[in-house]
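Chains B and L supply the protein sequences, listed in that same order. So for the first sequence, my numbering puts the first residue at 1315; every next one is plus one. So for the second sequence, my numbering puts the first residue at -19; every next one is plus one. Worksheet for the structure shown next.
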Amino acid sequence: MTTVKNFFASRWGIVSAGVFVGVFAAVLQKLGNPGNMGICVACMERDIAGALGLHRAALAQYIRPEILAFVLGAFIAALLFREFKPRGGSSPIIRFFLGFFAMVGALVFLGCPWRALLRLAGGDGNAILGLAGLTAGIWAGVLFLKSGYTLGRATKVKSFSGWVFPIAMVALLVLLLVAPQFGRTPEGTPTGPIFFSSKGPGSQHAPILISLLVGLGVGFLAQRTRLCTMGAIRDVILIKNTYLLSGILGIVGAAFFMNLILGQFKAGFTNQPIAHTDYLWNFMGMALSGLAFALAGGCPGRQLFLSGEGDGDAAIFATGMIVGAGFSHNFSMASSPAGPGPYGPIAVIIGLIFCMVVGFSMREKMA
Amino acid sequence: MADKIDARGLSCPQPVILTNRKIEEMGKGVFEILVDTDTSRENISRLAQQTGWDVEVKKVDADYCLVLRKD
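Below you can see the structure in the form of structure tokens.
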């Protein structure tokens, strides 16, 4: 067990986790997931929000098994390696809104940091703007961290508290399999409460069992290796450490080669799958997300893996993201391939103001 | 008595920032840092290695006490 533990904490450990994500993201796309969206935490949580009726964008509704499996895979790894430590209480309401606005930004760009990497690996040049924005946002977050920013300490909590989020994921799995239709329209036709897209990205998905197995593998490996895109960029800026960066290079490299093999690579800026070419808002959307992730201490994937370890604050961030996805579509803030939604830009500005206020107000005096 | 930093309950990367600040401030010597997650233990050990400090990890109940030393 110790040897296994040491391997995962090594550079080869994190590179193999990254390669696993890259390879299977390309494979999931081949098996049915939308273009350059084999894995995307933001898009997949958005689809879950849609499936639950939190928004009614008909093209983005599906309970993505990958998300549930990320949490459960990390949960299993944490239990096996005795790292399951229920904890919480570090500014939960702020974390909720950081998650909320992280999702608003991600849906203006159309992807989480992982999808930004996967879009790059699929030849989508717009991803470069997104990754530049992500870096700018994280850089701003690092400035806050250096000046004493903190959301305060989490404390140990009762064991059940750590079980709630993994159990909620099992409940979502049941809803995916049962897909109840006991709602009725005024005419009496069955509708909801679970909605699945019949066309568009929400209708495109790999077989459930394969998505679950890949998700469990990703969750397990990422919990062990602490894979985190935000952390990768942050550590290079903050302490010039490239450990986490080697994981994301693994993702890009592996996804690039798999895309070439599977004939999924197409270089260019226009007509890329589920992407728009508005340079400014691709940059700004991801800048907001990057800042929110840095202030909350992890990219959306990492927040799910931490939730699996019993971190209630990370679970609240993830919940904030799902609620944020509902608002993004209901308030016309989310982008489409045509470009940013009418209220996307103003929402990004409000989000940036929120993050700045959090960054400036949550500071402790340096000793 | 070595200086002691309590970084328990702090989100990533704050334990690393506190350690880094102490390393820069002291230059050499001995100090202890208390953390409660394996992630923080690994991150601080990696930072110490990178900056040429020796690390000794002691398990204290459910937490870890890392003793950093540079002569």
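Every residue gets a Cβ at the ideal spot worked out from N, C-alpha and C, and that includes glycine.
With 16 other Cβ atoms within 10 Å as the buried cut-off, status of residue i
{"i": "residue 1315 (chain B)", "result": "exposed"}
{"i": "residue 7 (chain L)", "result": "exposed"}
{"i": "residue 1359 (chain B)", "result": "buried"}
{"i": "residue 1329 (chain B)", "result": "buried"}
{"i": "residue 18 (chain L)", "result": "buried"}
{"i": "residue 1326 (chain B)", "result": "exposed"}
{"i": "residue 1619 (chain B)", "result": "buried"}
{"i": "residue 29 (chain L)", "result": "exposed"}
{"i": "residue 1494 (chain B)", "result": "exposed"}
{"i": "residue 1581 (chain B)", "result": "exposed"}
{"i": "residue 1484 (chain B)", "result": "exposed"}
{"i": "residue 1488 (chain B)", "result": "exposed"}
{"i": "residue 1496 (chain B)", "result": "exposed"}
Spatial distance of residue i from residue j (CA atoms)
{"i": "residue 27 (chain L)", "j": "residue -1 (chain L)", "result": "8 Å"}
{"i": "residue 1452 (chain B)", "j": "residue 1631 (chain B)", "result": "17 Å"}
{"i": "residue 1500 (chain B)", "j": "residue 1367 (chain B)", "result": "17 Å"}
{"i": "residue 1491 (chain B)", "j": "residue 1516 (chain B)", "result": "16 Å"}
{"i": "residue 4 (chain L)", "j": "residue 1480 (chain B)", "result": "41 Å"}
{"i": "residue 1478 (chain B)", "j": "residue -9 (chain L)", "result": "20 Å"}
{"i": "residue 1346 (chain B)", "j": "residue 1576 (chain B)", "result": "13 Å"}
{"i": "residue -5 (chain L)", "j": "residue 1513 (chain B)", "result": "47 Å"}
{"i": "residue 1342 (chain B)", "j": "residue 1679 (chain B)", "result": "48 Å"}
{"i": "residue 1612 (chain B)", "j": "residue 1498 (chain B)", "result": "41 Å"}
{"i": "residue 1601 (chain B)", "j": "residue 48 (chain L)", "result": "36 Å"}
{"i": "residue 1643 (chain B)", "j": "residue 1539 (chain B)", "result": "34 Å"}
{"i": "residue 1587 (chain B)", "j": "residue -13 (chain L)", "result": "44 Å"}
{"i": "residue 44 (chain L)", "j": "residue -11 (chain L)", "result": "12 Å"}
{"i": "residue 1634 (chain B)", "j": "residue 1606 (chain B)", "result": "12 Å"}
{"i": "residue 1534 (chain B)", "j": "residue 1502 (chain B)", "result": "44 Å"}
{"i": "residue 1520 (chain B)", "j": "residue 1511 (chain B)", "result": "14 Å"}
{"i": "residue 1265 (chain B)", "j": "residue 1654 (chain B)", "result": "There is no way to answer for residue 1265 (chain B), as the model of chain B reaches only from 1315 to 1681."}
{"i": "residue 1394 (chain B)", "j": "residue 1424 (chain B)", "result": "35 Å"}
{"i": "residue 1562 (chain B)", "j": "residue 1545 (chain B)", "result": "10 Å"}
{"i": "residue 1676 (chain B)", "j": "residue 1574 (chain B)", "result": "46 Å"}
{"i": "residue 1486 (chain B)", "j": "residue 1418 (chain B)", "result": "23 Å"}
{"i": "residue 1442 (chain B)", "j": "residue 1431 (chain B)", "result": "9 Å"}
{"i": "residue 33 (chain L)", "j": "residue 1482 (chain B)", "result": "43 Å"}
{"i": "residue 1551 (chain B)", "j": "residue -3 (chain L)", "result": "12 Å"}
Under 8 Å from the C-beta of residue i: neighbouring residues of chain B
{"i": "residue 45 (chain L)", "result": "In chain order: nothing, as chain B lies at least about 17 Å away."}
{"i": "residue 37 (chain L)", "result": "Those within 8 Å of residue 37 (chain L) in chain B number zero; the least Cβ separation is about 12 Å."}
{"i": "residue 48 (chain L)", "result": "Neighbours of residue 48 (chain L) on chain B: none; closest Cβ ~15 Å, over 8 Å."}
{"i": "residue -3 (chain L)", "result": "1459, 1460, 1552"}
Proximity of residue i and residue j at Cβ, strictly below 9 Å
{"i": "residue 1509 (chain B)", "j": "residue 1365 (chain B)", "result": "yes"}
{"i": "residue 37 (chain L)", "j": "residue 21 (chain L)", "result": "yes"}
{"i": "residue 1433 (chain B)", "j": "residue 1440 (chain B)", "result": "yes"}
{"i": "residue 1623 (chain B)", "j": "residue 1398 (chain B)", "result": "yes"}
{"i": "residue 1338 (chain B)", "j": "residue 1353 (chain B)", "result": "yes"}
{"i": "residue 1536 (chain B)", "j": "residue 1435 (chain B)", "result": "no"}
{"i": "residue 1522 (chain B)", "j": "residue 1379 (chain B)", "result": "yes"}
{"i": "residue -18 (chain L)", "j": "residue 1470 (chain B)", "result": "no"}
{"i": "residue 1447 (chain B)", "j": "residue 1597 (chain B)", "result": "yes"}
{"i": "residue 1335 (chain B)", "j": "residue 1647 (chain B)", "result": "no"}
{"i": "residue 1291 (chain B)", "j": "residue 1614 (chain B)", "result": "Chain B is shown from 1315 up to 1681; residue 1291 (chain B) falls before or after that span and cannot be answered."}
{"i": "residue -16 (chain L)", "j": "residue 13 (chain L)", "result": "yes"}
{"i": "residue 1589 (chain B)", "j": "residue 1659 (chain B)", "result": "no"}
{"i": "residue 1609 (chain B)", "j": "residue 1673 (chain B)", "result": "yes"}
{"i": "residue 24 (chain L)", "j": "residue 40 (chain L)", "result": "no"}
{"i": "residue 1468 (chain B)", "j": "residue 1396 (chain B)", "result": "no"}
{"i": "residue 1356 (chain B)", "j": "residue 1603 (chain B)", "result": "yes"}
{"i": "residue 1332 (chain B)", "j": "residue 1560 (chain B)", "result": "yes"}
{"i": "residue 1558 (chain B)", "j": "residue 1549 (chain B)", "result": "yes"}
Proximal chain B residues relative to residue i, where beta-carbon distance stays under 9 Å
{"i": "residue 24 (chain L)", "result": "In chain order: nothing, as chain B lies at least about 11 Å away."}
Chain L contact residues for residue i, given Cβ-Cβ distances below 8 Å
{"i": "residue 1399 (chain B)", "result": "16, 17, 42"}
{"i": "residue 1677 (chain B)", "result": "Per Cβ cutoff of 8 Å: no residues; residue 1677 (chain B) is ~12 Å from chain L at best."}
{"i": "residue 1545 (chain B)", "result": "-8, -7"}
{"i": "residue 1323 (chain B)", "result": "22"}
Proximal chain B residues relative to residue i, where beta-carbon distance stays under 7 Å
{"i": "residue 30 (chain L)", "result": "1555"}
Neighbour list for residue i in chain L, Cβ cutoff strictly below 7 Å
{"i": "residue 1548 (chain B)", "result": "-7"}
{"i": "residue 1388 (chain B)", "result": "None at all; the shortest Cβ gap to chain L is about 12 Å."}
{"i": "residue 1465 (chain B)", "result": "-9"}
{"i": "residue 1468 (chain B)", "result": "-11"}
Closer than 9 Å at the beta carbon, the chain L residues around residue i
{"i": "residue 1404 (chain B)", "result": "-11, -10, -9"}
{"i": "residue 1449 (chain B)", "result": "Neighbours of residue 1449 (chain B) on chain L: none; closest Cβ ~16 Å, over 9 Å."}
{"i": "residue 1503 (chain B)", "result": "The contacting residues do not exist; residue 1503 (chain B) stays about 48 Å from chain L at best."}
{"i": "residue 1374 (chain B)", "result": "Going along chain L, no residue has its Cβ under 9 Å from residue 1374 (chain B), so there is no contact; the nearest lies around 31 Å."}
{"i": "residue 1612 (chain B)", "result": "-9, -8"}
Exercise for review: Count the CB pairs spanning the region 1438 to 1458 of chain B and the region 1391 to 1405 of chain B that are closer than 8 Å, and state whether there are at least three.
Suggested key: no
Point to revise | Meets three-Cβ-pair contact criterion under 8 Å: the region 1515 to 1535 of chain B and the region 1381 to 1392 of chain B | key: yes
Practice item. May I ask you to verify whether the region 1317 to 1328 of chain B touches the region 1579 to 1594 of chain B, counting CB pairs closer than 8 Å and requiring at least 3? Key: no
Practice item. Check whether the region 1406 to 1424 of chain B touches the region 1656 to 1672 of chain B, taking contact to mean three or more Cβ pairs, one atom from each stretch, closer than 8 Å. Key: yes
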